[in-house]
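Visitor: Let me begin by handing over the structure; questions about it come next.
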Ligand code: NAD
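In my numbering, the protein residues as written are 269 to 739.
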């Protein structure tokens, strides 16, 4: 862990303190693990100004040199991978092992390498004796990145690297629940990038809400937000006056549909991690499971049996697979929705809060599709299991929700599942898996789950405007 207990914002390559700080606690123990600066509007203004100054030179750096810089960032962060993973577990709660902090930090390298190697070449759409027409991709200017608390480092990297790669400069603002690992990561990035290319501000969201200020800031050209639908709508409305470019990665209430031809024992592990990955605090995780009546009882039994093999415990214990919920607010949402679900359904396992912010894996069967646990995004370790008899009915229920982030079909007939999954109104359609993201596959939500995509060429292009050069 970092030896200096004080965390600073980084503006123009320099450490900056705020007049006050807010405490960050470890969700596994409740202990204070650090203090983050409660930045003010003047800090945001300074960060935007420094990013604007850096843009003047960074936007002129050659494409190859920018790709090289991304690889240097990757090498620097990889050198500090264990330190970042420890800090992430301390502030977020997720286990060090399994699909936890070390895994999240390892994603930084994959995404950096892919981002460095992706190019947006000039597209020639006419070149003949009557003229020449080229489409050039132009950086936008200052990009504002606003990140949530569930995957603080991975999501920050997903926002920031493509922005820098395409010649933009950045001001990032992490969630007040998990600002520390991002503060440290940006400090490390500043060791290899020119001053002002990436700046970070933090705030408590109570006395100061810099995310809201960023959305209407005249010096920011694009906002990329990963967060809730509610925040997405606010950002969209306050970004209107300045005509900001927007990428909004918002909430999900993903359905998984299990067909009658599956082997319940064989799919139990995949279904489990599709739902309980990151303790259920994943935007594109299974939040509603629809199972055909023919295999319903067996799928419930196998899932409950697999859940019984999973250890929930402090993230620092090397054999913990799931940790605590990341904060009190999320714990309260989960507890309330489990209560609603248990009023109607049959609790197969879990169902009552544990110590502190720990909540046991909870499966609730025989529940109706209208139950709040099914219709809301629970974002925690609880899964409602709904029985269906007709696939058209299951698809209708899956699509009835206002979210449209991911969805999956589980079947031993992959071709049939590939066709059915295309009927789901979701940005990602998986077959016999759920939640896997890759740097080369565009990822984004349909309906209220968001606007635009990240990753792949399409994601990279969203950090640019087109200029058509006609001669
Ligand atoms: P949140 O919307 O409460 O906060 C997200 C970020 O927005 C934080 O940094 C917060 O400080 C900031 N913010 C708060 N008020 C703001 C305002 N008025 N204007 C601008 N920014 C503001 O979300 P959260 O609770 O941190 O994260 C959980 C949510 O994020 C869930 O709904 C989850 O599904 C979603 N999420 C989506 C994806 C995706 O890729 N689609 C990934 C992870 C999480």
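Idealized CB from N, CA, C, for every residue including glycine.
On a predicted model such as this, the values are computed, not experimentally measured, just so you know.
Kindly indicate which residue of 400, 416 and 702 has the alpha-carbon position closest to the one of residue 443.
Guide: Position 175 of the chain shown holds residue 443. A check of alpha carbon separations from residue 443 across 400, 416 and 702 identifies 416 as the nearest.
Visitor: Expressed to the nearest angstrom, what Euclidean distance is found between the alpha-carbon atoms of residue 622 and residue 592?
Guide: Here residue 622 is taken as the residue at index 354 of the chain shown, counted from 1. Here residue 592 is taken as the residue at index 324 of the chain shown, counted from 1. Using only the alpha carbons, I get a separation of about 9 Å.
Visitor: Suppose you measure from the CA of residue 624 to the CA of residue 355; what does that come to, to the nearest Å?
Guide: As a first step, residue 624 must be located in the chain shown, where it is residue number 356. As a first step, residue 355 must be located in the chain shown, where it is residue number 87. Approximately 20 Å between the Cα atoms of the pair.
Visitor: Any heavy atom of ligand 1 closer than 8 Å to the CB of residue 676?
Guide: Along the chain shown, one-based indexing puts residue 676 at 408. Residue 676: no, Cβ never under 8 Å from ligand 1.
Visitor: Which residues in the same chain as residue 484 place their Cβ atom closer than 6 Å to its Cβ, once the five residues preceding and following it in sequence are excluded?
Guide: By 1-based counting over the chain shown, the position of residue 484 is 216. So the list reads 506, once near-sequence residues are dropped.
Visitor: Give me the Cα-Cα distance between residue 271 and residue 384, rounded to the nearest whole angstrom.
Guide: The residue given as residue 271 occupies position 3 in the chain shown. The residue given as residue 384 occupies position 116 in the chain shown. Residue placement at residue 271 cannot be trusted, given a pLDDT of 44 that sits under 50; what the coordinates show is reported in the next sentence. Whole-angstrom Cα-Cα distance: 31 Å.
Visitor: Just the C-alpha distance for residue 279 and residue 469, rounded to the nearest angstrom, thanks.
Guide: To locate residue 279, count along the chain shown from 1; it is residue 11. To locate residue 469, count along the chain shown from 1; it is residue 201. Near 8 Å, if we compare the C-alpha coordinates of residue 469 and residue 279.
Visitor: Please determine, among 459, 715, 552 and 373, the residue with the shortest C-alpha to C-alpha distance to residue 449.
Guide: Counting from one through the chain shown, the residue named residue 449 turns up at place 181. Nearest option by C-alpha distance: 373.
Visitor: Taking 8 Å as the cut-off, is the CB of residue 527 close to at least one heavy atom of ligand 1?
Guide: Indexing the chain shown from 1 puts residue 527 at position 259. Outside the cutoff, so no.
Visitor: Using 8 Å as the cut-off, can you tell me whether the region 642-651 makes contact with the region 595-610, which would need three or more C-beta pairs spanning the two stretches below that distance?
Guide: yes
Visitor: Any idea what DSSP makes of residue 511, helix, strand or coil?
Guide: Within the chain shown, numbered from 1, the residue matching residue 511 stands at position 243. The answer is coil: DSSP assigns residue 511 none of H, G, I, E or B.
Visitor: Report the rounded CA-to-CA distance for residue 726 versus residue 492, giving the unit in angstroms.
Guide: Residue mapping note: residue 726 aligns to position 458 of the chain shown, counting from 1. Residue mapping note: residue 492 aligns to position 224 of the chain shown, counting from 1. C-alpha separation (whole angstroms): 14 Å.
Visitor: Can you list, in chain order, the residues of its chain with a C-beta nearer than 6 Å to that of residue 676? Leave out the 5 residues immediately preceding and following it.
Guide: Walking along the chain shown from the start, residue 676 turns up at place 408. Hits under 6 Å: 524, 698 and 702.
Visitor: Around the Cβ of residue 553, are there at least 16 other Cβ atoms within 10 angstroms (buried) or fewer (exposed)?
Guide: Within the chain shown, the letter at position 285 stands for residue 553. By the Cβ neighbour-count rule, residue 553 is buried, with 16 or more other Cβ atoms within 10 Å of its own.
Visitor: Shortest alpha-carbon distance to residue 436 belongs to which of 406, 569, 565 and 598?
Guide: Indexing the chain shown from 1 puts residue 436 at position 168. For the residues 406, 569, 565 and 598, the minimum Cα distance to residue 436 belongs to 406.
Visitor: Measuring straight from C-alpha to C-alpha, what distance separates residue 462 and residue 335?
Guide: Reading the chain shown from its first residue, position 194 is the one you call residue 462. Reading the chain shown from its first residue, position 67 is the one you call residue 335. Each residue's alpha carbon lies about 14 Å from the other.
Visitor: Determine the DSSP secondary structure at residue 459, reduced to helix, strand or coil.
Guide: Along the chain shown, one-based indexing puts residue 459 at 191. DSSP places residue 459 in coil when its eight states are reduced to three.
Visitor: How far does the beta strand (DSSP E) with residue 614 in it reach, from first residue to last?
Guide: Taking the chain shown and counting its residues from 1, one reaches residue 614 at position 346. Residues 614-617.
Visitor: Say yes only if the C-beta of residue 710 is nearer than 8 Å to one or more non-hydrogen atoms of ligand 1, and no if none qualify.
Guide: Residue numbering aside, residue 710 sits at position 442 when the chain shown is read from its first letter. No, ligand 1 has no heavy atom inside 8 Å of this Cβ.
Visitor: Taking the C-alpha atoms as reference points, what is the distance between residue 653 and residue 682?
Guide: Position 385 of the chain shown, counted from the first residue, corresponds to residue 653. Position 414 of the chain shown, counted from the first residue, corresponds to residue 682. In a straight line, the C-alpha of residue 653 is about 22 Å away from that of residue 682.
Visitor: Per DSSP, what kind of secondary structure is residue 379 in: helix, strand or coil?
Guide: Mapped onto the chain shown, residue 379 falls at position 111. The answer is helix: DSSP assigns residue 379 an H, G or I state.
Visitor: Using DSSP with H/G/I as helix, E/B as strand and the rest coil, what is residue 674?
Guide: Residue mapping note: residue 674 aligns to position 406 of the chain shown, counting from 1. The answer is strand: DSSP assigns residue 674 an E or B state.
Visitor: Does the Cβ of residue 508 lie closer than 8 Å to at least one heavy atom of ligand 1?
Guide: Reading the chain shown from its first residue, position 240 is the one you call residue 508. No, the beta carbon of residue 508 sits no closer than 8 Å to any heavy atom of ligand 1.
Visitor: Alpha carbon to alpha carbon, what distance is there between residue 723 and residue 423?
Guide: Along the chain shown, read from residue 1 onward, the residue named residue 423 stands at position 155. Along the chain shown, read from residue 1 onward, the residue named residue 723 stands at position 455. Straight-line Cα distance between these residues: approximately 11 Å.
Visitor: Determine the extent of the alpha helix (DSSP H) in which residue 333 is found, giving its start and end residues.
Guide: By one-based count along the chain shown, residue 333 stands at place 65. Per DSSP, residue 333 belongs to the alpha helix (DSSP H) from 331-347.
Visitor: Mapping the DSSP letters down to three states, classify residue 271 as helix, strand or coil.
Guide: Numbered from 1 along the chain shown, position 3 holds the residue referred to as residue 271. Caution is warranted here: a pLDDT of 44 is assigned to residue 271, below 50, making its placement in the model unreliable, and the coordinate value is therefore given only provisionally. Here residue 271 carries a coil assignment [DSSP, helix/strand/coil].
Visitor: In terms of residue numbering, what span does the beta strand (DSSP E) encompassing residue 698 cover?
Guide: Within the chain shown, the letter at position 430 stands for residue 698. Where residue 698 is concerned, the enclosing beta strand (DSSP E) stretches over 696-699.
Visitor: Should residue 416 be counted as a contact of ligand 1 given a C-beta to heavy atom distance under 8 Å?
Guide: What you label residue 416 is simply residue 148 of the chain shown in a count that begins at 1. If you check the C-beta of residue 416 against ligand 1, you find a heavy atom less than 8 Å away.
Visitor: Just to check, is the beta-carbon of residue 639 closer than 8 Å to a non-hydrogen atom of ligand 1?
Guide: Taking the first residue of the chain shown as position 1, residue 639 is located at position 371. Not so, every heavy atom of ligand 1 lies at least 8 Å from the Cβ.
Visitor: Using only the alpha-carbon positions, how far apart do residue 425 and residue 694 sit?
Guide: Along the chain shown, read from residue 1 onward, the residue named residue 425 stands at position 157. Along the chain shown, read from residue 1 onward, the residue named residue 694 stands at position 426. Roughly 24 Å separates the two Cα atoms.
Visitor: Check the C-beta distance from residue 308 over to residue 418 and give it rounded, since I have them as a contact under 8 Å.
Guide: Translated into positions along the chain shown, residue 308 becomes position 40. Translated into positions along the chain shown, residue 418 becomes position 150. Their Cβ separation, rounded to whole angstroms, is 27 Å, which puts residue 308 and residue 418 out of contact at 8 Å.
Visitor: How about residue 427: is its Cβ closer than 8 Å to a heavy atom in ligand 1?
Guide: Numbered from 1 along the chain shown, position 159 holds the residue referred to as residue 427. It does not: the Cβ of residue 427 is nowhere closer than 8 Å to a heavy atom of ligand 1.
Visitor: So residue 291 is in the beta strand (DSSP E); what residue range does that whole segment cover?
Guide: Numbered from 1 along the chain shown, position 23 holds the residue referred to as residue 291. Here the beta strand (DSSP E) through residue 291 covers 289-293.
Visitor: Excluding the 5 residues preceding and the 5 following residue 269 in the sequence, name in chain order all residues of the same chain whose CB lies nearer than 6 Å to its CB.
Guide: In the chain shown, the residue the question calls residue 269 occupies position 1. Residue confidence is low: residue 269 scores 48 on pLDDT, short of 50, so the model does not pin down where it sits. No coordinate-derived value is stated.
Visitor: What span of residues does the alpha helix (DSSP H) with residue 564 cover, start to end?
Guide: Position 296 of the chain shown, counted from the start, is the residue given in the question as residue 564. Element bounds for residue 564: 564-575.
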